[in-house]
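Have a look at the structure below before the remarks.
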Amino acid sequence: MGRQVSGGARPALPADHSCWRYDDPAAFEATARAFLTAGLAVGEELWYVTERAQAEARAGLAGELDRSVHDLLATALARAAPRPVCGRPVFEASRLRFVDHRSLLLLNEYAR
């Protein structure tokens, strides 16, 4: 059957989504990885949802973490539920410009 994409070739809008269906999980993962990597390269914020855990998946942090976003950070951690990689939670933070001490404590608390 191959690949089917919802929405055709129209450009994505803010808070938009893409739905794909593949017969071959490996082909889907390769296409999804390329699609997500391209989005991240141009600064897109994205949420990847899958029916099974990806061992190499990591949570990404971007922007600034300070006291104004503590509730948002806690909610994001609860919703994203990042899975440990090799027994430890791993957060991609190369796009994180600032983090305050309380946010670090919140991340540490989540890791336990």
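Under the working numbering, the letters of the sequence shown match residues -17 to 94, in that order.
Idealized CB from N, CA, C, for every residue including glycine.
Check                                                                            : Outcome
Host alpha helix (DSSP H) of Pro7 (start-end)                                    : 7 to 23
6 Å Cβ shell around Phe10 - same chain, five flanking residues per side excluded : Tyr4
Short Cβ contact (8 Å threshold) for Ala112 with Pro71                           : The requested residue 112 does not occur in the structure, where the chain is confined to residues -17 to 94.
Backbone CA spacing between Leu86 and Phe80 [nearest angstrom]                   : 11 Å
Ser85 - containing alpha helix (DSSP H), residue span                            : 83 to 93
Distance, Cys1 Cα to Ala23 Cα                                                    : 20 Å
Closest by C-alpha distance to Ser95, when choosing among Ala8, Thr13, Arg84     : Outside the displayed span of the chain (-17 to 94) sits residue 95, for which this structure offers no information.
Proximity below 8 Å, CB of Leu89 to CB of Phe73                                  : yes
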